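This note's numbering puts the first residue of the sequence shown at 474, with every later residue one more than the last. Have a look at the structure below, then the notes.
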Amino acid sequence: MRSGSRCLRREVWSVHRRTVAIVAYGAVGRYLHRLFPEAAVYDEPLGMGDREDVNRRQYAFVAVPTNRRPDGTGDTSIVEETVSWLQTDVIVIRSTVPVGTTDTLKQKTGKRIVFQPEYGPGETPDHHFNDPRRVDWAILGGDRKDTVAVADLYKQAFNADLVIQQTDARTAELTKYMENCFLALKVTFCNEFFDIAEQFGIDYNELRELWLLDPRIGRSHTFVMPDDRGFGGKCLPKDVSALVQSACAAGYAPQLMLAMLEANSRFRDERGTPVLEGAQSR
474 MRSGSRCLRR EVWSVHRRTV AIVAYGAVGR YLHRLFPEAA VYDEPLGMGD
524 REDVNRRQYA FVAVPTNRRP DGTGDTSIVE ETVSWLQTDV IVIRSTVPVG
574 TTDTLKQKTG KRIVFQPEYG PGETPDHHFN DPRRVDWAIL GGDRKDTVAV
624 ADLYKQAFNA DLVIQQTDAR TAELTKYMEN CFLALKVTFC NEFFDIAEQF
674 GIDYNELREL WLLDPRIGRS HTFVMPDDRG FGGKCLPKDV SALVQSACAA
724 GYAPQLMLAM LEANSRFRDE RGTPVLEGAQ SR
């Protein structure tokens with residue numbers, strides 16, 4: 474029995490070695506590499522790996538940037554270029570992309586593409602999600618045969634506590650935006666109450682601890698930094714902006730999200746920022 478376990482362990486590691494590739498070695502790419510340490514890594518700007526090695530693998534995880542354009546929309550050009558040369562059996566997009574991107578790429582290329590929202594790493598050293606094995610759920614969006622293939626891969630990297638939810642790509646894409654918009658909204662709410670408390674001569678930190686006695690609230694994203702107000706960083710501003718632009722393009726002006734962006738500009742003293750450009754109601 475012991476010998477069989479050793480054989481199984483060797484087989485699992487060999488599967489990882491020959492099946493997984495990671496495209497882009499930024500924060501998300503490095504995070505994925507912790508989960509699949511034997512993966513082939515390709516990052517053209519960093520001079521890492523080569524495309525031929527990537528295309529010998531079965532799965533490619535795409536973690537390239539989707540930066541904000543001047544008009545506030547999400548720039549998917551690097552994702553599109555990457556998908557164009559990938560020849561792996563299954564492509565898993567981990568970059569945050571506007572709703573409909575995955576389906577459009579599938580229609581254009583005929584390739585098997587799954588979208589999986591990314592939940593790590595965190596931006597603080599002790600963040601719970603810095604360890605990919607502590608993210609105990611996976612949302613896989615795409616055709617069922619393709620999401621099942623990715624689920625089968627994850628069964629080799631996680632134990633049976635992993636919750637795997639399979640859905641269509643559009644729903645998975647919007648799920649990621651919903652999460653980041655909610656976190657941005659929570660930061661904005663707390664910053665507003667920081668100013669309200671100050672007007673009443675009340676210490677926000679004391680107010681916060683009393684508020685958080687209610688377990689329904691949740692402690693994450695409730696700190697207010699007096700010298701770094703509002704939400705910033707690499708993800709929340711660009712993703713909220715991209716969601717607003719996508720919703721407006723679809724014919725709906727998300728008034729709450731627009732008000733949140735205006736409030737965040739005020740908190741961060743960034744009046745006139747292009748975040749709001751072109752985001753008015755049609």
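Don't be surprised by glycine CBs; every beta carbon is placed ideally from N, CA and C. The model shown is predicted, which means the values in this text are computed figures rather than measured ones.
Q.
Let me make sure I understand the geometry here. Which of P699, L647, Q638 has the alpha-carbon closest to that of S568?
A. As a working note, residue 568 is residue 95 in the sequence shown. The option with the nearest alpha carbon to S568 is L647.
Q.
Using the Cβ count rule (16 or more neighbours within 10 Å means buried), how would you classify R744?
A. As a position in the sequence shown, residue 744 is number 271, starting the count at 1. Confidence at R744 is low in this model, with a pLDDT of 38, below 50, so the placement of that residue is unreliable and no value is reported for it.
Q: Report yes if the CB atom of V623 is closer than 9 Å to the CB atom of V587, and no otherwise.
A: Mapped onto the sequence shown, residue 623 falls at position 150. Mapped onto the sequence shown, residue 587 falls at position 114. It is a contact, given that the beta carbons lie within the stated cut-off.
Q.
Under 8 Å: do the region 720-736 and the region 658-670 share three or more Cβ pairs, one atom per stretch?
A. yes
Q.
Rounded to the nearest angstrom, what separates Q629 and S557 at their Cα positions?
A. Locating residue 629 in the sequence shown gives position 156, counting from the first residue. Locating residue 557 in the sequence shown gives position 84, counting from the first residue. Near 28 Å, if we compare the C-alpha coordinates of S557 and Q629.
Q: Out of D700, M698, D562, M733, state which residue places its alpha-carbon closest to the alpha-carbon of S714.
A: For the purposes of this step, residue 714 is identified with residue 241 of the sequence shown, where counting begins at 1. Residue M733 is the option with its Cα nearest to S714.
(Q) Taking only three categories from DSSP, how would you classify Q672? (A) Sequence index remark: in the sequence shown, residue 672 carries index 199 (1-based). Helix, per DSSP.
Q. Below 9 Å between beta carbons: does that hold for T574 and I566?
A. Position 101 of the sequence shown, counting from 1, holds the residue named residue 574. Position 93 of the sequence shown, counting from 1, holds the residue named residue 566. Contact: yes.
(Q) I need the DSSP call for M474, collapsed to helix, strand or coil. (A) One-based indexing of the sequence shown puts residue 474 at position 1. Only weak support is given to the placement of M474: the predicted model assigns it a pLDDT of 42, under 50, and the value that follows is read from those uncertain coordinates. DSSP places M474 in coil when its eight states are reduced to three.
Q) With V417 and Y515 assumed to form a contact (beta carbons below 8 Å), what rounded beta-carbon distance in angstroms separates them? A) Absent from the structure is residue 417, since the part of the chain shown begins at 474 and ends at 755.
Q: Assign F662 to one of three DSSP states: helix, strand, or coil.
A: Here the question's residue 662 lines up with position 189 in the sequence shown. Note: F662 maps to helix in three-state DSSP.
Q) In whole angstroms, what is the alpha-carbon distance linking V621 and L683? A) Position 148 of the sequence shown holds residue 621. Position 210 of the sequence shown holds residue 683. So the two alpha carbons sit approximately 45 Å from each other.
Q) Using CA coordinates, which residue listed in D562, V572, Y532, K707 is at the minimum distance from T549? A) As a working note, residue 549 is residue 76 in the sequence shown. Of D562, V572, Y532, K707, the residue nearest in Cα terms is V572.
Q. Is it the case that the CB of V572 approaches a heavy atom of the ligand SAM more closely than 8 Å?
A. With respect to small molecules bound, the structure shown includes none, and the ligand SAM cannot be examined in it.
Q. For L729, which of helix, strand or coil comes out of DSSP?
A. Within the sequence shown, residue 729 is the residue found at index 256, counting from 1. In the structure shown, L729 sits in a helix (DSSP, three-state: H, G or I).
Q: Go through the region 502-566 residue by residue and report every complete run of the alpha helix (DSSP H) that reaches 4 residues or more, in order.
A: 524-527, 550-558
**Q.** Separation of D544 from A723, as counted between CA atoms
**A.** Reading the sequence shown from its first residue, position 250 is the one you call residue 723. Reading the sequence shown from its first residue, position 71 is the one you call residue 544. Whole-angstrom Cα-Cα distance: 16 Å.
Q: Using 10 angstroms around the beta-carbon of I669, count the other beta-carbons present and answer buried if the total reaches 16, otherwise exposed.
A: Translated into the one-based positions of the sequence shown, residue 669 becomes position 196. Burial call: exposed.
**Q.** Closest by C-alpha distance to N664, when choosing among E553, L685, R739, L709
**A.** Counting from one through the sequence shown, the residue named residue 664 turns up at place 191. For the residues E553, L685, R739, L709, the minimum Cα distance to N664 belongs to R739.
Q.
With H, G and I counted as helix, E and B as strand and the rest as coil, what does DSSP make of Q639?
A. Stepping through the sequence shown from its first residue, residue 639 is reached at position 166. Looking at Q639 - three-state DSSP - the assignment turns out to be strand.
Q: Report yes if the CB atom of K711 is closer than 9 Å to the CB atom of G547, and no otherwise.
A: Within the sequence shown, the letter at position 238 stands for residue 711. Within the sequence shown, the letter at position 74 stands for residue 547. Yes, Cβ-Cβ distance for K711 and G547 is below 9 Å.
(Q) Check this for me: beta carbons of D649 and G615, under 9 Å apart or not? (A) Taking the sequence shown and counting its residues from 1, one reaches residue 649 at position 176. Taking the sequence shown and counting its residues from 1, one reaches residue 615 at position 142. A small correction: the amino acid at residue 649 is Lys; Asp does not occupy that position in the sequence shown. No, they are not a contact pair.
Q.
Within 10 Å of its beta-carbon, does G691 have 16 or more other beta-carbons around it, so buried, or fewer, so exposed?
A. One-based indexing of the sequence shown puts residue 691 at position 218. Burial call: exposed.
Q. Count the other CB atoms within 10 Å of the CB of F758; is the residue buried (16 or more) or exposed (fewer)?
A. In this structure the chain extends from 474 to 755, so residue 758 is not present and cannot be described.
Q.
Considering only DSSP beta bridges, list what G614 is partnered with.
A. Indexing the sequence shown from 1 puts residue 614 at position 141. DSSP output for G614 lists F588, T640 as bridge partner(s).
Q) Assuming R643 and D619 make a contact with CB atoms under 8 Å, what is their CB distance in whole Å? A) Working through the sequence shown from its first residue, we reach residue 643 at position 170. Working through the sequence shown from its first residue, we reach residue 619 at position 146. Not really, about 14 Å apart at Cβ, beyond 8 Å.
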